[in-house]
Amino acid sequence: MKLWGGRFTKEENQLAHNFNESLSFDQRLYRQDIEGSIAHVTMLAKQGIVTNEDQEAIVKGLSGILADVEAGNLEFSPEYEDIHSFVEANLIERIGEAGKRLHTGRSRNDQVALDMKLYCRDEIAELDHLLKALLSRLLEIMEKNLDTYMPGFTHLQKAQPVTLAHHMGAYFEMFSRDRKRLKSIGERMDTCPLGSGALAGTTYPLDRAYSASLLGFAGPSLNSMDSVADRDYVIELLSALSIISMHLSRFSEEIILWNSNEYQFVELDDGYSTGSSIMPQKKNPDIAELVRGKTGRVYGALMGLLTTMKGLPLAYNKDMQEDKELTFDAIDTVKSSLVLFTGMVSSMTFRREVMEASAKKGFTNATDAADYLVSRGVPFRDAHGIVGQLVLCCLEKGIGLDELPLEEYRRISPVFDQDIYEAVSMKTCVEKRLTIGAPGQEAMRQAIEVYKKRLEEE
Ligand code: ARG
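Rendered as structure tokens:
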């Protein structure tokens, strides 16, 4: 059954129908669509626009549709154009005349805007939940690894020693910002488009504030044209999803490096690795690679929708139907990436000895040797030069700064004394970094306290 046959004399071309339809993908909005319709008809009855008997019959019919879809007893048959037509036609089939009154004072334009908002709102809650689970796992790793030394890198060259807790803390910050971003998107989209009609509101005495409150919105949207033409919240969500993907991708890249033969900082659990069909020795980090790879399609969704929206005149245009597949795919992709990634990170083993040994190689303590001289009155620029010469000398001998004999130190600068060895030890290098945000244990503990509270409260 079509909702708009009246002014047509010919059947729709089948290919046109197939091209136009969205039921094959917007069927996943069935719950939001029914929830919105129940709120709408409840408001219509309160305003005396439909009778209480009709309202009861409609709510009963809609609840029946919901139950049947969830039980798998009602198929989304392809003759319908979209989820809105499907639900309404089904309702009319079930309850007859009363069902035809549901669409009073409403258009599919405000209906689809509402459905997408409700859907995005639900998914934001889900995503937040998954991010929180990942943050909890990261915090556990941090608490256990306050003194697991590892090299910190800049330009992918060993730079200064840090700890695993500190490194994980950087990702903790990123995913915490992602949660905040989602939350603020939720706040900005908290207005209800229902009752905006096709674009110009309606002449029925709707109580839009009432239906907004039934659906848990802060209030009704204030411009009916914008309400049906706005997809900013979808674009914002896709942008937040892109940033989450970027974070997951950077983290995946590090895990792939750390799991390589060259680094051996971590060992992935067998459950999250795959083998090679030809090389028996291989244990590949496919999950991390896929999480990294899937970032492309999430960015693609953002670019796709931005492009779809860029030239659209007000108000609703069918182009906007293109928001759905992109958004659904991006949400599904990020959700599964988060689940898999969290499982992978929770189950992998960190090889502390390898990390620490690596931190000792590569002169990650060179800055500390310079700081040692500075604390004894040598200007930093001179200290930098002196330590540079020491590094050269060590490179020739194939040893580290902590292994260089004191005479050699003194040959280059008489300021050096026996206590240089303590100053360049891994422990001192890390533990003395105590400014807030630095890897020293006390500083890390303070940060962890804040993180813990945040996770408990939000
Ligand atoms: N399937 C449509 C969409 O996703 C629903 C709105 C249809 N409105 C219309 N005037 N044809 O955008």
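Numbers in this note's numbering are just positions in the sequence shown, counted from 1, shifted up by 22.
Yeah, the Cβ is synthetic: ideal placement off N, Cα and C, and Gly gets one too.
- Buried is the label assigned to residue 131, since at least 16 other Cβ atoms lie within 10 Å of its Cβ.
- With a minimum length of 4 residues, the unbroken runs of alpha helix (DSSP H) contained wholly in the region 212-239 fall at 230-236.
- In this structure, DSSP gives residue 167 a state outside helix and strand, which the three-state scheme calls coil.
- In this structure residue 233 touches residue 216 by the C-beta definition: roughly 5 Å separates them, less than 8 Å.
- For residue 40, the Cβ stays outside the 7 Å cut-off from all heavy atoms of ligand 1.
- Under the criterion of beta carbons closer than 8 Å, residue 250 and residue 135 qualify as touching, at roughly 5 Å.
- Apart from the 5 residues on each side of it in sequence, residue 239 sits with its Cβ closer than 7 Å to the Cβ of 212, 213 and 214 in its chain, given in chain order.
- By the Cβ criterion, the region 360-378 is in contact with the region 280-291, since at least three pairs of Cβ atoms, one from each stretch, lie closer than 8 Å.
- Taking all protein chains in view, the Cβ of residue 182 is crowded by 16 or more other Cβ atoms within 10 Å, so the residue is classified as buried.
- Nearest Cα to residue 36 within the set 48, 72 and 100: 100.
- Two segments are said to touch when three or more pairs of C-beta atoms, one from each, lie closer than 8 Å; by this definition the region 119-127 does not touch the region 178-195.
- If you look at residue 49, you'll find it isn't in any alpha helix (DSSP H); DSSP assigns it neither H nor E.
- The beta-carbon distance between residue 430 and residue 415, rounded to whole angstroms, is 6 Å. This is short enough to meet the 8 Å contact definition.
- Remark: the C-beta of residue 48 is in contact range of ligand 1, defined as less than 7 Å to any heavy atom.
- Beta-bridge pairing by DSSP links residue 461 to no other residue.
- Taking C-beta separations shorter than 8 Å and ignoring five residues to either side along the sequence, the partners of residue 153 in its chain run 197, 200, 201, 204, 266 and 360, following chain order.
- Distance from residue 315 to residue 305 at the Cβ level is roughly 19 Å; contact not present, criterion being Cβ atoms closer than 8 Å.
- Contact annotation: the region 435-445 does not touch the region 166-183, with fewer than three C-beta pairs closer than 8 Å.
- The way I'd put it, the region 67-78 doesn't touch the region 89-100; fewer than three beta-carbon pairs between them come closer than 8 Å.
- Relative to ligand 1, the beta carbon of residue 125 is positioned no closer than 7 Å to any heavy atom.
- Residue 130 has its Cβ nearer than 7 Å to a heavy atom of ligand 1.
- Taking all protein chains in view, the Cβ of residue 139 is crowded by 16 or more other Cβ atoms within 10 Å, so the residue is classified as buried.
- Assigned with DSSP and collapsed to three states, residue 331 falls in helix.
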